[in-house]
Structures are given as C-alpha cells and as structure tokens.
Amino acid sequence: MDKVFAAQGVRPRILIETPYGLTIAILAAKGMGIGLVNPSVITDRMIAGIIAIPFEPAVHFRELILRPPDGINSALITDVMAELYAARNVLSTEE
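full-length UniProt numbering applies: residue 1 is where the sequence shown begins, and numbers increase by one.
Put into structure tokens, the structure is as follows:
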C-alpha cells in the first residue's frame with residue numbers, strides 16, 4: 001500500500017494500524033475513519049454502518065493454506081479447504 005500511495009503522491013495520516021480486517025471494519029462502522037480491507041471481511045454484511053467502495057488501483061493479496069506436506073486431511077479439513085477455494089473463486093469473479 002505504501003508504494004500505491006507514494007505513486008499517487010498521497011501521504012495518508014494513519015492513526016491506527018491493525019492486520020485484522022474485522023477490527024478495521026468495526027472501527028470504520030463506529031465512525032473512526034476509513035479502512036482498507038479484503039472484501040471477504042464484509043461479504044456477509046454482518047457489520048452495519050459501512051459502505052464498501054472498490055479501491056483503485058486494485059491491490060491484490062496472496063493468501064496461503066499451510067499444512068504438513070505429508071499430512072492426511074480429515075473429512076473436516078477437506079470440507080473446509082473446499083469451502084475456502086469456492087469462496088475464493090466467487091470473490092475472484094466479482095472483480
């Protein structure tokens with residue numbers, strides 16, 4: 001984000017910085033400023049009082065699923081991973 005802002009000549013005034021998208025969304029909903037979050041944080045619309053506006057230029061994040069290389073997945077892990085991939089695929093088509 002620093003490079004994106006610098007390229008546009010913008011110097012943001014950051015008062016609070018947190019890696020947690022949910023915290024950022026709640027702070028924005030409480031009127032404490034604006035925040036940049038992954039849209040997956042607000043897709044279920046559980047947080048009232050915020051407006052989502054796409055950020056331009058688009059900023060892409062890389063996410064990883066970490067697991068042991070020789071580990072055997074339980075049915076639960078397999079199901080969770082399938083849901084994560086499905087959510088990723090839905091969100092990637094919305095851009």
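For every residue, glycine included, the Cβ atom is placed at its ideal position computed from N, Cα and C.
Keep in mind the model is a prediction, meaning the values are calculated, not measured.
Residue i and residue j closer than 8 Å at C-beta
i, j, result
"I65", "L84", "yes"
"V41", "V4", "no"
"I16", "L27", "yes"
"A75", "G49", "no"
Straight-line Cα distance separating residue j from residue i
i, j, result
"G71", "T18", "32 Å"
"I51", "P39", "11 Å"
"A25", "I47", "7 Å"
"T78", "A6", "42 Å"
"R62", "I53", "21 Å"
"Q8", "T93", "27 Å"
"V80", "T23", "24 Å"
"T43", "R88", "12 Å"
"G33", "F55", "15 Å"
Enclosing alpha helix (DSSP H) for residue i [first to last residue]
i, result
"L91", "75–93"
In chain order, each alpha helix (DSSP H) run of at least 4 residues that lies wholly inside the stretch 6–66: 21–29
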